[in-house]
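Trainee: Sharing a structure below in structure tokens format, with a few things to ask.
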Amino acid sequence: MSERRYSPLATLFAATFLFRIGNAVAALALPWFVLSHTKSAAWAGATAASSVIATIIGAWVGGGLVDRFGRAPVALISGVVGGVAMASIPLLDAVGALSNTGLIACVVLGAAFDAPGMAAQDSELPKLGHVAGLSVERVSSLKAVIGNVAILGGPALGGAAIGLLGAAPTLGLTAFCSVLAGLLGAWVLPARAARTMTTTATLSMRAGVAFLWSEPLLRPLFGIVMIFVGIVGANGSVIMPALFVDAGRQVAELGLFSSMMGAGGLLGIAIHASVGARISAQNWLAVAFCGSAVGSLLLSQLPGVP
Numbered sequence: 015m016s017e018r019r020y021s022p023l024a025t026l027f028a029a030t031f032l033f034r035i036g037n038a039v040a041a042l043a044l045p046w047f048v049l050s051h052t053k054s055a056a057w058a059g060a061t062a063a064s065s066v067i068a069t070i071i072g073a074w075v076g077g078g079l080v081d082r083f084g085r086a087p088v089a090l091i092s093g094v095v096g097g098v099a100m101a102s103i104p105l106l107d108a109v110g111a112l113s114n115t116g117l118i119a120c121v122v123l124g125a126a127f128d129a130p131g132m133a134a135q136d137s138e139l140p141k142l143g144h145v146a147g148l149s150v151e152r153v154s155s156l157k158a159v160i161g162n163v164a165i166l167g168g169p170a171l172g173g174a175a176i177g178l179l180g181a182a183p184t185l186g187l188t189a190f191c192s193v194l195a196g197l198l199g200a201w202v203l204p205a206r207a208a209r210t211m212t213t214t215a216t217l218s219m220r221a222g223v224a225f226l227w228s229e230p231l232l233r234p235l236f237g238i239v240m241i242f243v244g245i246v247g248a249n250g251s252v253i254m255p256a257l258f259v260d261a262g263r264q265v266a267e268l269g270l271f272s273s274m275m276g277a278g279g280l281l282g283i284a285i286h287a288s289v290g291a292r293i294s295a296q297n298w299l300a301v302a303f304c305g306s307a308v309g310s311l312l313l314s315q316l317p318g319v320p
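In this text, residue positions in the sequence shown follow the numbering used here: the first is 15, and each later residue adds one.
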């Protein structure tokens with residue numbers, strides 16, 4: 015009886031972990047592969063920018079796709095398409111048919127399906143938690159633990175895998191994780207769509223955009239956050255890999271560095287959770303942005319940085 019109650023949630027957590035650990039490894043392996051393949055930080059930047067745009071579009075329509083087609087189909091298609099896109103990169107490279115534009119196309123295809131797959135998984139967690147007799151808070155905590163393990167372990171695992179196998183085979187491993195996550199999700203998630211009208215999803219997305227644009231406070235805040243996310247994303251996916259390559263450092267060191275960056279982010283979350291109520295949101299925002307800027311400045315002054 016206990017197995018029946020807990021197994022669906024455990025299966026979905028396994029799919030969630032595979033999805034996130036695969037993405038965490040790919041976040042290290044993909045920039046390293048692009049730099050090795052193109053020998054150009056500009057192409058690495060173009061690839062990263064294309065991936066971000068595809069992810070934003072996927073996140074915007076992801077909830078609507080889940081509502082329209084159902085959780086299981088979206089999870090399966092997301093995992094399989096993302097896995098095929100990632101697997102195509104080393105396969106095309108092995109036969110000498112991987113162009114720079116083809117590389118970007120594969121990355122965009124994989125990134126566009128990430129958010130819908132995660133939306134399909136996350137939307138079912140409260141229900142499966144109830145079946146397992148767990149509160150929403152407990153399920154959310156377990157999900158956070160899974161995400162944190164992926165953030166901390168993914169880059170280090172990716173660095174070790176690239177050092178042992180190479181960047182191309184490591185991308186193949188991330189493809190396997192994506193496909194397996196999609197299959198597990200399709201197995202445990204309900205197949206029937208929660209809604210049947212396409213207009214519902216369309217109206218909800220339009221309403222969200224209209225609300226965001228109508229709020230005087232949210233417009234500049236959204237712009238600031240987007241700029242910050244763009245800078246941080248470029249730092250992790252382009253600048254730091256290029257810096258490590260130019261400095262002649264090993265990819266395992268980049269993986270360890272990325273894991274420590276993730277640990278720092280988790281430490282910041284813990285500090286905010288413990289004393290956040292004592293400081294105003296404006297001051298937290300100023301401290302966070304200034305601290306990030308100071309850290310980047312200190313990093314640029316370290317010995318051995320080109």
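All residues carry an ideal CB built from backbone N, CA and C; glycine is no exception.
All values reported here derive from a predicted model rather than from experimental measurement.
Going by other Cβ atoms of all chains shown within 10 Å of its Cβ, with 16 needed for buried, is residue 157 buried or exposed?
Mentor: By the neighbour-count rule (16 or more Cβ atoms within 10 Å), residue 157 is buried.
Trainee: Taking only three categories from DSSP, how would you classify residue 53?
Mentor: In the structure shown, residue 53 sits in coil (DSSP, three-state: anything other than H, G, I, E or B).
Trainee: Over what stretch of residues does the alpha helix (DSSP H) that includes residue 121 continue unbroken?
Mentor: Here the alpha helix (DSSP H) through residue 121 covers 114-126.
Trainee: If you drop the 5 nearest sequence neighbours on each side, which residues of the same chain put their C-beta closer than 7 Å to that of residue 34?
Mentor: Cβ within range, chain order: 160, 161, 164.
Trainee: Reducing DSSP to helix, strand and coil, say where residue 214 ends up.
Mentor: Bear in mind that the predicted position of residue 214 carries a pLDDT of just 49, short of 50, making it too unreliable to give a figure here.
Trainee: DSSP state of residue 267, grouped into three classes?
Mentor: Helix.
Trainee: Over the uninterrupted alpha helix (DSSP H) stretch that includes residue 154, give me the two end residues.
Mentor: Segment 150-179, the alpha helix (DSSP H) holding residue 154.
Trainee: Within 8 Å, do at least three Cβ pairs link the region 119-136 to the region 85-95?
Mentor: The answer is yes - the region 119-136 touches the region 85-95, with three or more Cβ pairs under 8 Å.
Trainee: Apart from the five residues just before and just after residue 68, which ones in its own chain have a Cβ nearer than 6 Å to its Cβ?
Mentor: Closer than 6 Å at the Cβ level, and outside the excluded window around residue 68, lie 122, 125, 126.
Trainee: Is it buried or exposed, residue 227, if we count other Cβ atoms within 10 angstroms and call 16 or more buried?
Mentor: Answer is exposed; the Cβ neighbour count stays below 16.
Trainee: Hey, how far is the Cα of residue 292 from the Cα of residue 26?
Mentor: Those two C-alpha atoms are separated by around 37 Å.
Trainee: Which of the three DSSP states, helix, strand or coil, is assigned to residue 111?
Mentor: DSSP places residue 111 in coil when its eight states are reduced to three.
Trainee: Measuring straight from C-alpha to C-alpha, what distance separates residue 262 and residue 256?
Mentor: Each residue's alpha carbon lies about 10 Å from the other.
Trainee: Below 8 Å between beta carbons: does that hold for residue 177 and residue 264?
Mentor: Result yes, Cβ atoms of residue 177 and residue 264 sit closer than 8 Å.
Trainee: Would you decide whether residue 74 is buried or exposed? Buried here means 16 or more other CB atoms lie within 10 Å of its CB.
Mentor: Classification of residue 74: exposed, given that the 10 Å Cβ count is below 16.
Trainee: Okay, do the region 241-249 and the region 144-153 touch, 3+ Cβ pairs below 8 Å being the bar?
Mentor: Verdict: no, contact absent.
Trainee: With the cut-off set at 8 Å, would you say residue 167 and residue 43 are in Cβ contact?
Mentor: No, these two residues do not count as a Cβ contact at 8 Å.
Trainee: Let me know the secondary structure DSSP gives residue 340 once reduced to three states.
Mentor: Residue 340 falls outside the range modelled here, since the chain spans only 15 to 320, and no answer is possible.
Trainee: Between the region 180-200 and the region 95-109, do at least 3 Cβ pairs fall closer than 8 Å?
Mentor: Cβ pair count under 8 Å is three or more, so yes.
Trainee: Would you check if there are 3 or more beta carbon pairs closer than 8 Å linking the region 223-241 to the region 50-61?
Mentor: No contact exists between the region 223-241 and the region 50-61.
Trainee: Ignore the nearest five residues each way along the sequence and tell me which others in residue 29's own chain have a CB closer than 7 Å to its CB.
Mentor: Result list for residue 29: 135, 195, 198, 199, in chain order.
Trainee: For residue 107 and residue 301, what's the separation of their Cα atoms in angstroms?
Mentor: Their backbone Cα atoms lie some 45 Å apart in a straight line.
Trainee: Tell me the DSSP secondary structure of residue 204 in three-state form.
Mentor: DSSP places residue 204 in coil when its eight states are reduced to three.
Trainee: Closest Cβ-Cβ distance between residue 130 and chain D: below 8 Å?
Mentor: Judged by its chain identifiers, the structure shown contains no chain D, having just a single protein chain.
Trainee: Assign residue 217 to buried or exposed, taking buried as 16 or more other Cβ atoms, counted over all protein chains shown, within 10 Å of its Cβ.
Mentor: Low confidence applies to residue 217: its pLDDT is 48, below 50, so where it sits in the model is not reliable, and the reading given next is rough at best. By the 10 Å Cβ count, residue 217 comes out exposed.
Trainee: Give me the residue from 141, 269, 22, 294 with the minimum Cα distance to residue 181.
Mentor: It is 269 whose Cα lies nearest to the Cα of residue 181.
Trainee: Does DSSP put residue 182 in a helix, a strand or coil?
Mentor: Helix, per DSSP.
Trainee: Take the Cβ of residue 120 as the centre, count every other Cβ of all protein chains shown within 10 Å, and call the residue buried at 16 or more, exposed below.
Mentor: So residue 120 counts as buried.
Trainee: Between the C-alpha atoms of residue 36 and residue 231, what's the straight-line distance to the nearest angstrom?
Mentor: Cα-Cα distance, rounded: 36 Å.
Trainee: Can you tell me whether residue 245 is helix, strand or coil according to DSSP?
Mentor: Helix at residue 245.
Trainee: Looking only at its own chain, which residues have a Cβ that is under 8 Å from the Cβ of residue 286, when we skip the five neighbours before and after it?
Mentor: Cβ neighbours of residue 286 beyond the five flanking positions: 298.
Trainee: Distance, Cα to Cα, residue 142 vs residue 149?
Mentor: Cα to Cα, the separation comes out at about 10 Å.
Trainee: According to DSSP, is residue 282 helix, strand or coil?
Mentor: If DSSP states are grouped into helix, strand and coil, residue 282 belongs with the helices.
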